[in-house]
Amino acid sequence: MSRPRSFDETDVLEAAIDCFWARGLEATSVRDLAGRMGINGPSLYNAFGDKRSLFMRALEHYAVRSMRERIGRMERLPDPKAAIAAFFGELISASLADPDRRGCLIVNTALEVAPHDPEIAILIAAYLDEIEAFFRRALVRAAAGGDLAPSVEPTDMARLLLGLVIAVRVMARTVSDRSRLDGMVRPILALIQARPDIRTPA
Numbered sequence: 001m002s003r004p005r006s007f008d009e010t011d012v013l014e015a016a017i018d019c020f021w022a023r024g025l026e027a028t029s030v031r032d033l034a035g036r037m038g039i040n041g042p043s044l045y046n047a048f049g050d051k052r053s054l055f056m057r058a059l060e061h062y063a064v065r066s067m068r069e070r071i072g073r074m075e076r077l078p079d080p081k082a083a084i085a086a087f088f089g090e091l092i093s094a095s096l097a098d099p100d101r102r103g104c105l106i107v108n109t110a111l112e113v114a115p116h117d118p119e120i121a122i123l124i125a126a127y128l129d130e131i132e133a134f135f136r137r138a139l140v141r142a143a144a145g146g147d148l149a150p151s152v153e154p155t156d157m158a159r160l161l162l163g164l165v166i167a168v169r170v171m172a173r174t175v176s177d178r179s180r181l182d183g184m185v186r187p188i189l190a191l192i193q194a195r196p197d198i199r200t201p202a
């Protein structure tokens, strides 16, 4: 009969996230993780498998409580264009509120781990696709309501916005001036916020 776990899984996953977020996958040791998570090495292996398996679990937990939670709240806003603007406003605020300037665990992993690990690359691509899909849905809603300029193609703009998310997250690791980050976002949001052309019938 297996022994019950003596730890809260959510708490230890949060601790694992903090550890991986601070050091990255390769530089984080099992000893680092066990110390931060408050469990011993055998318990860690029994519960989560090897370090890489734990990293993927931690990454999924991060995606749920960060990316998906934000997308869910934004999609409940009645104005889809305002939802996109609010998404970036929160993104910048969260980036600057972190005193350690750790950036985004998903974006960091895309840059540091995904190029060398095909399975993690697929996982990261799926997370980024979720962000892009949120933007595309919002833009399609705006277009369906007659509130998007014809020059703004939802799929292309969604991809541009995803690139902007990555750029903001990377830049925020070294820049503490909000005006610079807002300045990166403002021109793109202006394209989205532009009123559709209203033509008077001949």
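Mind the numbering: the sequence shown is residues 1 to 202 in full-length UniProt numbering, read in order.
Built from N, CA and C at the ideal position, the CB exists for glycine as well.
- For Ile124, the enclosing alpha helix (DSSP H) stretches over residues 118-144.
- When secondary structure is reduced to three states using DSSP, Pro150 falls in the coil class, being assigned neither helix nor strand.
- By alpha-carbon distance to Ile17, the top candidate from Ala85, Arg180, Ala82, Cys104 is Cys104.
- For Leu111, the secondary structure class from DSSP, reduced to helix, strand or coil, is helix.
- Collapsing the DSSP output to three states places Asp79 in coil.
- If you keep only unbroken alpha helix (DSSP H) runs of at least 4 residues inside the stretch 16-77, you get 30-37, 41-48, 51-62, 69-75.
- Under the 8 Å Cβ criterion, the stretch 169-188 counts as touching the stretch 89-107, having at least three qualifying pairs.
- Just so you know, the alpha carbons of Met56 and Ile120 end up roughly 8 Å apart.
- In the DSSP assignment, Ala190 falls within the alpha helix (DSSP H) that extends over 178-193.
- The way I'd put it, the stretch 65-74 doesn't touch the stretch 143-150; fewer than three beta-carbon pairs between them come closer than 8 Å.
- Counting of Cβ neighbours within 10 angstroms places Arg76 among the exposed residues, the total staying below 16.
- In the three-state reduction of the DSSP assignment, Asp8 falls in the coil class.
- Straight-line spacing of the CA atoms in Arg137 and Asp79 works out to 12 Å.
- Here Val12 has Met37 as same chain residues with Cβ atoms under 6 Å from its own Cβ, once five neighbours each way along the sequence are excluded.
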